[in-house]
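Read through the structure below, which is laid out as structure tokens, and then see the notes.
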Amino acid sequence: MTYSLDTLNSRTSSAAGSAGGVKRFAQEVSLILGLLALVFWLGALLSYSPQDAAWSTTGSSEAAGVLKAGDAVTRNWGGRLGAHLADASYFLFGFSVWWAFAAGLRTWLASLARGLRGQPALRTALARTKFWSCLALLMLASTALEWSRLYRFEFKLPGHAGGALGYLAGPTSVKWLGFTGSGLVWIALGVIAVSVVFAFSWARTAQRIGAWMDELIESRREKREIAQDLAVGRAAALQREETLQEERIEIEEHHPVPMLIEPTLVEIPKSERVAKERQKPLFSEMPDSKLPQVDLLDSALSRQETVAPETLEMTSRLIEKKLKDFGVEVRVVAAAPGPVITRYEIEPAIGVKGAQIVNLAKDLARALSLVSIRVIETIPGKNFMALELPNAKRQSIKLS
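Its first residue numbered 60, the sequence shown is counted upward by one per residue in my numbering.
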């Protein structure tokens, strides 16, 4: 009898699939039972009461004769079984029993993670031996330290501090190693055992804590620097506002608005000589000739653009400020706009020489973004100097 290759492969794969399904089912059942056991143990430990009847205590209600034996009220959340379990746990290990609970919880979480990822159990016989040995070492170190250091909490336990295990390991270690020596030894052994039981590295933990502290310090330093920058900015803004307010007060008190000198329009009288010597028309005897039209000539502009008063005010203040930056204090007293230039009459402060302003002509022109500035040192009939600045838009001058 012969079988096809597909038939053999299908039987093998189905057998492997059924075996894998059984393993997964067993793993899920063990996870559920382990979780129930941990929850029950946690409730029993949290609700432990010395008044519950257990194998190390008789219970307060039964001892007082209020209830019959067997009818004692159990305060433990797990009932009589929980009371016995909690009493035995605290009697054997004291408060160090929480290390055992934490190790069980960590083992259950690791099994759950492997189950969710579909990975099989990775622990070999050597790994299990190392885990249980380090857990026993951790319990031994913790109970011994509890017996020698935390004896003041002994009244909350059914037995000694550290339980029966601590009562055995604590006195022996203190006898042979002394109080301080035994403490150092048990702490060192406990630190080693904790890293193995909970599968972590103290070096990585210290590195992460150091990195976290470094980030915390750096973030606080950055926040402090930002706060300092903001404070400096607010102080600078306040100082600028005070300086600006002082300059405004100084301008209002000592620098009046420059007087605007409007150009006077003088009517030019007609010259009789020009009228006499004017050339006579050459083509007056040609009545049939047609004269050119008048609109061929350029018409005079009805309105000429001039410098606005706001521009005069701004330029006056700018001249005062730029000269003050160069160490020369002046005051603009008048401004006379013309078709091509605008003349600003300035009054130098006491002690300022005219040569200083003349030497600053090019620097002032560069500061005002102009090509050149003409400085008039003396104005006839006045004790002022003048600055002639070219206008942005020049007017056309007609000689007709």
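Think of the CB as a built atom: it goes at the ideal place given N, C-alpha and C, for glycine as much as any other residue. These figures come from a predicted structure and were not determined experimentally.
- request: Measure the Cβ-Cβ separation of residue 432 and residue 448 and say whether it is below 7 Å.
  value: Contact annotation: residue 432 and residue 448 have beta-carbon atoms nearer than 7 Å.
task: Taking the CB atoms as reference points, tell me whether residue 436 and residue 408 lie closer together than 7 Å.
output: In this structure, residue 408 does not lie closer than 7 Å to residue 436 by Cβ.
message: Could you compute how far the alpha carbon of residue 150 sits from the alpha carbon of residue 215?
response: So the two alpha carbons sit approximately 11 Å from each other.
- request: Count the other CB atoms, across all protein chains shown, that sit within 10 Å of the CB of residue 113; report buried if there are 16 or more and exposed otherwise.
  value: Label assigned to residue 113: buried.
- prompt: Comparing alpha-carbon positions, which option in 250, 428 and 382 lies nearest residue 200?
  reply: The residue with the shortest Cα to Cα distance from residue 200 is 250.
task: Compare the C-alpha of residue 394 against each of 404, 166, 111 and 164 and name the closest.
output: Looking at 404, 166, 111 and 164, the one whose alpha-carbon comes closest to that of residue 394 is 404.
- prompt: residue 379 bridges to which residues according to DSSP?
  reply: DSSP output for residue 379 lists no bridge partner at all.
Residue(s) in a DSSP beta bridge with residue 446: Residue pairing for residue 446: DSSP places it in a beta bridge opposite 403 and 434.
field: Contact between the stretch 138-150 and the stretch 99-114 (3+ Cβ pairs under 8 Å)
entry: A contact exists between the stretch 138-150 and the stretch 99-114.
query: Bridge partners of residue 389, per DSSP?
result: Answer is 407, bridged to residue 389.
field: residue 396 - partner residues in DSSP beta bridges
entry: Beta-bridge partners assigned by DSSP to residue 396: 401.
task: Give, in chain order, every unbroken run of the alpha helix (DSSP H) that is at least 4 residues long and sits entirely within the stretch 135-196.
output: Uninterrupted alpha helix (DSSP H) stretches at least 4 residues long and entirely within the stretch 135-196 occur at 138-152 and 156-176, given in chain order.
field: Coarse secondary structure for residue 288, derived from DSSP in three states
entry: Of the three classes helix, strand and coil, the one that applies to residue 288 here is helix, per DSSP.
- request: Assign residue 198 to one of two classes, buried (16 or more other C-beta atoms within 10 Å of its C-beta) or exposed (fewer than that).
  value: Residue 198 should be labelled buried.
- prompt: Beta-carbon separation of residue 365 and residue 396 under 7 Å?
  reply: In contact: residue 365 and residue 396 (Cβ atoms closer than 7 Å).
message: When you measure from the CB of residue 447 to every non-hydrogen atom of the ligand COA, does any distance come out below 6 Å?
response: The ligand content of the structure shown is nil, which means the ligand COA is not present either.
- prompt: Are the stretch 96-106 and the stretch 152-160 touching by the rule of at least three beta carbon pairs closer than 8 Å?
  reply: The stretch 96-106, when compared against the stretch 152-160, does touch it at the 8 Å Cβ threshold.
query: How many whole angstroms separate the CB atoms of residue 241 and residue 253, which I take to be in contact at a CB cut-off of 8 Å?
result: Contact between residue 241 and residue 253 is absent: CB atoms are separated by about 18 Å, not below the 8 Å threshold.
task: Have a look at 168, 370 and 147 and flag the residue whose alpha-carbon is nearest the alpha-carbon of residue 86.
output: Comparing Cα-Cα distances from residue 86 to each of 168, 370 and 147, the minimum goes to 168.
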